[in-house]
Structures are given as C-alpha cells and as structure tokens.
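The next block holds one structure in the form of structure tokens; read it before the comments.
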Amino acid sequence: MRATVIHGPRDVRVEQVPDPVIHRPTDAVVRVVATCVCGSDLWGYRGVRSTPEPHRIGHEFVGVVEEIGSDVRRVRVGDFVVAPFSVSDNTCVHCRNGVHTSCEQVAWWGSPDHEGVPTDAAQGEYVRVPLADGTLVVTPEHPDDALLPHVLTLTDVLGTGHHAALSADVHAGSTVAVVGDGAVGLCGIIAARRLGAERVVAMSRNPVRQALARRFGATDVVEERGDEGAAAVLDLLGGVGPDGVLECVGTKESMAQALATVRPGGRVGFVGVPAGGPELRVQTMFSGNKGVVGGVAPVRGYIEGLMPDVWAGTIEPGLVFDATFGLDDIADAYRAMDERTCTKALVRP
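According to full-length UniProt numbering, the sequence shown holds residues 1 to 349 in order.
Below is the structure:
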C-alpha cells in the first residue's frame with residue numbers, strides 16, 4: 001500500500017510499504033477514508049524535532065473496518081469508525097479515570113504498540129488498529145462527503161480544543177481568551193461556546209482565521225501578541241483578565257502570553273504540543289493564584305460526547321479544513337500547512 005514517510009526537514013514522501021495484517025485477535029484493519037496533517041506534524045517537518053531515520057507519520061484518520069481479529073466484539077467489518085490519535089484499551093484504571101492517553105497499554109500511530117509490534121501511521125491507505133474494541137468509536141452511519149470533515153475533527157482537534165476548555169474550567173458565563181489560531185485554537189472557541197462561555201477573545205493576526213473564529217463564536221479578536229496582547233485583552237474586559245485562557249500553540253512565548261492574560265485566580269488550559277522550550281513562570285502562578293492544567297488530550301474519552309453535536313450540525317468544526325489533497329500530493333499538504341496558506345489540510349487516500 002501507499003503511505004507517507006518523513007525522511008527529514010521538509011522531506012515527506014509517499015512510498016510503498018507492507019499491507020497491514022491482523023497480528024493478534026484484538027486487532028482490526030481499517031481502510032482510511034480521510035486523514036489530515038496536524039500542526040504537531042510540522043515540528044518534525046520543520047526540523048524542530050529531529051528525524052534520526054525515515055519513519056511513518058500521521059495520527060488522525062477515519063475509515064471503514066475491513067477485517068477484525070477473532071476477539072473483537074464491539075467493532076464489525078463494514079463499520080465506519082473514528083480513530084483517536086492514541087491507542088487505548090478503554091478499560092484500565094487510567095482510561096476509567098478519563099485519561100486514555102495514559103492507558104496502561106497506550107501506543108501511538110506509527111510507533112510500536114504495547115507489545116512492541118509496529119503500527120501503521122494514519123497518512124496511508126490502511127491501518128492496523130491494536131486494541132480495536134477500546135480504541136475505535138463506531139459512528140451512527142457512514143458520513144457523506146459534506147459531513148466527513150466534521151467527523152474527522154473528532155480524531156484530534158475538536159477533542160483537543162475541548163480538553164483545553166475543560167482544563168481552563170470554562171463554564172456558563174465564563175470569559176475566555178484563546179492563544180493560537182490554528183485548528184486546535186479554533187476548535188477551542190467552539191468548545192468554549194459549547195460549554196457556555198459568554199465572551200471569547202480570539203488572538204489572531206490572520207484575517208481568514210479571524211473570520212472563522214467569529215463564525216465559531218468568538219466575540220472579539222485581538223491581533224497583538226505577548227504583553228501587548230495581554231494588555232489589549234484586559235482593556236476589552238474592563239481591566240480584569242479572562243477567567244480562562246486556552247493555550248493552543250506550545251511555545252515559550254505562547255505560554256508566557258497565556259499567563260500574562262489570565263486573571264488572578266483564573267486557569268490556563270494548555271494543549272499546545274511543547275516545542276521551543278515552553279516554560280512556566282512559577283512566581284507568576286504563585287503570586288496571582290493562576291493555575292495551569294492540561295496536557296496531551298485524552299480525546300478517546302470525549303468522542304462519544306461530542307459526536308451527537310457534530311452529527312446534528314450543531315457545531316461545524318470541519319470548517320477548519322480549507323484545503324483538500326490526494327495522498328500522492330501529501331508534500332503539497334505539508335507545504336501549505338508550513339507556509340500557513342491553509343489552516344488545516346485534509347487528505348483523501
């Protein structure tokens with residue numbers, strides 16, 4: 001089959017790799033109907049994270065179950081499924097506590113599974129799914145082409161934005177600021193409004209993303225960054241910072257901006273994949289009673305709760321996909337994301 005392999009900075013290629021097969025009775029094989037490029041994929045693409053040797057890449061996919069192992073019970077051949085960005089059994093103590101990304105059998109697409117068997121990454125034609133009953137979520141029916149992008153966000157960005165909002169303790173009547181105007185930040189706006197936030201400030205310099213932020217429910221837009229951005233948000237909110245700030249970037253500067261923006265006693269929900277040496281200003285946190293909560297989003301635990309709103313069209317997170325590429329054009333998809341000529345690239349094998 002064809003699959004994406006990253007060789008180094010700005011070098012991704014579509015290559016022939018072995019077809020996936022059932023290795024153990026709890027596996028399934030899924031035909032990928034749609035995948036995408038994530039902002040976190042760009043850390044390796046840009047060379048921020050090294051690539052010691054070529055490897056498979058991609059962690060977001062939806063598709064159709066083609067084959068199942070003899071012990072798979074919840075998932076059937078022909079089901080359309082959402083695959084969260086990590087593998088989990090959905091039964092261990094950490095999964096039961098809602099932290100599926102710390103599952104006792106956790107694994108990541110493109111890396112060895114819990115028993116050391118290599119897994120396929122998402123940016124390809126097929127994927128072997130370990131622990132299929134725990135990992136995969138079956139959709140109510142096969143989505144049509146119009147619904148497909150919205151369903152694809154359930155694999156990562158919608159759940160990650162939701163995790164940021166929950167971590168920031170967003171609730172009815174909250175005031176919120178969102179640092180980061182990528183797909184996660186934009187989905188964070190959806191999540192904040194869905195949880196009842198009264199006022200949501202999007203921090204963005206990009207006119208296209210500003211417009212989408214407003215469509216998703218942002219009440220205000222601030223273009224300034226850093227301390228100037230924090231001051232601008234305080235001016236908007238009558239001199240008091242927001243109750244919660246969603247940090248959706250993952251850099252030292254974005255975390256500093258989030259801490260400078262949130263009000264005393266407020267919370268920063270952070271989900272930006274760390275890059276560039278993010279630091280916590282402990283003295284700022286201590287002096288202002290500012291909490292920082294979050295981390296890698298356990299999206300498996302959120303999919304079933306978010307899916308009904310996606311299916312009903314109550315929310316439209318798939319609008320973050322503003323460019324579509326074929327698998328053979330994956331290098332163009334990465335280039336578009338890297339150059340910020342698209343917000344998020346959808347890929348159809």
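Beta carbons: idealized from backbone N, C-alpha and C, even for Gly.
On the three-state DSSP scale, how would you describe residue i?
| i | result |
| --- | --- |
| D235 | helix |
| D133 | helix |
| M203 | strand |
| Q123 | coil |
| P149 | helix |
| P112 | strand |
| A4 | According to the sequence provided, residue 4 is Thr. The question's Ala does not apply to it. Three-state result, T4: strand. |
Leaving aside the five residues before and after residue i along the sequence, list all residues of the same chain whose C-beta is less than 6 Å from its C-beta, in chain order.
| i | result |
| --- | --- |
| A336 | A323, C342 and A345 |
| R49 | W43 |
| G241 | L234, T261, V262 and R263 |
| Q210 | S204 and V221 |
| V184 | V157, T160, G161 and C248 |
| R199 | T175 and T219 |
Out of the options, state which residue places its alpha-carbon closest to the alpha-carbon of residue i.
| i | options | result |
| --- | --- | --- |
| S102 | E316, G295, I315 and T155 | G295 |
| G196 | A172, H94 and I68 | A172 |
| Q123 | L259, T175 and V33 | V33 |
| D133 | T219, S88 and G239 | S88 |
| R2 | A312, I330 and G98 | I330 |
| P149 | H7, T35 and V271 | T35 |
| A312 | V151, V72 and T4 | V151 |
| L319 | V5, G182, P274 and V64 | G182 |
| I315 | A168, L147 and P298 | L147 |
Excluding the 5 residues flanking residue i on each side, which residues of the same chain have their C-beta closer than 7 Å to its C-beta?
| i | result |
| --- | --- |
| C38 | H59, E60 and D156 |
| D237 | Checking the displayed sequence, the identity of residue 237 turns out to be Leu instead of Asp. Around L237: T175. |
| A177 | V201, M203, V233, P242, V245 and T261 |
| V292 | V268, F270, L280 and M285 |
Taking only beta-carbon atoms, is residue i less than 8 Å away from chain C?
| i | result |
| --- | --- |
| V138 | The structure shown contains no chain C, having only a single protein chain. |
Subject >> Unbroken stretches of the beta strand (DSSP E), 3 residues or longer, contained in the region 310 to 339 >> reply: If we require 3 residues or more, the beta strand (DSSP E) runs fully inside the region 310 to 339 come out as 321 to 326.
**OP:** Kindly confirm or deny that the region 236 to 253 and the region 173 to 191 touch, where touching means at least three C-beta pairs closer than 8 Å.
**Re:** Yes: at least three Cβ pairs fall under 8 Å.
Original post:
Do the region 219 to 227 and the region 142 to 158 touch if we need at least three Cβ pairs shorter than 8 Å?
Top reply: As far as the Cβ criterion goes, the region 219 to 227 does not touch the region 142 to 158, which means the pair count is below three.
**OP:** May I have a chain-ordered list of the alpha helix (DSSP H) segments no shorter than 4 residues that lie completely inside the region 18 to 85?
**Re:** Here the runs fully enclosed are 41 to 45.
Original post:
Can you find at least 3 beta carbon pairs, one from the region 41 to 54 and one from the region 18 to 25, that sit closer than 8 Å?
Top reply: At 8 Å Cβ cutoff, the stretches do not touch.
Original post:
Between the region 260 to 277 and the region 211 to 218, do three or more beta carbon pairs fall short of 8 Å?
Top reply: No: fewer than three Cβ pairs fall under 8 Å.
Subject >> Meets three-Cβ-pair contact criterion under 8 Å: the region 157 to 164 and the region 301 to 311 >> reply: Output reads yes: the region 301 to 311 touches the region 157 to 164.
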